[in-house]
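**Student:** Handing you this structure, nothing more for now.
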Amino acid sequence: MASNSSEQNEWYTTSCGHSIFILPVRYQDLIFIGQGTYGIVVRATDTTTGKYVAIKKLLHPFQTDTHAKRTYREL
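The opening residue of the sequence shown carries number 3 in this note's numbering; numbering runs sequentially from there.
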């Protein structure tokens, strides 16, 4: 489980790959990985663990019923 640090409540806005991300401050140094029909994927460094993580931002996740079903499957 996540720790109860105040860092969990701190967010920042950044852009990567022509997209805006609003992320917890623990995720830094975003690098564009790729973009597909349904979203964009970036790599970030988790400053708490020191490991790389992948972050996917879905574009228009609830635009249609089909998009909503695909979004649900991504979870």
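No residue lacks a Cβ here, since even glycine has one placed at the ideal position from N, Cα and C.
Buried or exposed, going by whether 16 or more other CB atoms sit within 10 Å of the CB of Y44?
**Tutor:** Per the sequence shown, residue 44 should be read as Val rather than Tyr. Answer is buried; the Cβ neighbour count reaches 16.
**Student:** From what residue to what residue does the alpha helix (DSSP H) around K71 run?
**Tutor:** 67–76
**Student:** To which residues does DSSP link P26 through a beta bridge?
**Tutor:** W13
**Student:** Using the Cβ count rule (16 or more neighbours within 10 Å means buried), how would you classify C18?
**Tutor:** buried
**Student:** Starting from the C-beta of R72, find all residues in its chain whose C-beta is less than 7 Å away, skip the five residues before and the five after it, and write them out in chain order.
**Tutor:** Its chain contains Y40 as the residues whose beta carbon lies nearer than 7 Å to that of R72, once the 5 sequence neighbours on both sides are disregarded; these appear in chain order.
**Student:** Buried or exposed: where does Y14 fall if 16 or more other Cβ atoms within 10 Å of its Cβ makes it buried?
**Tutor:** exposed
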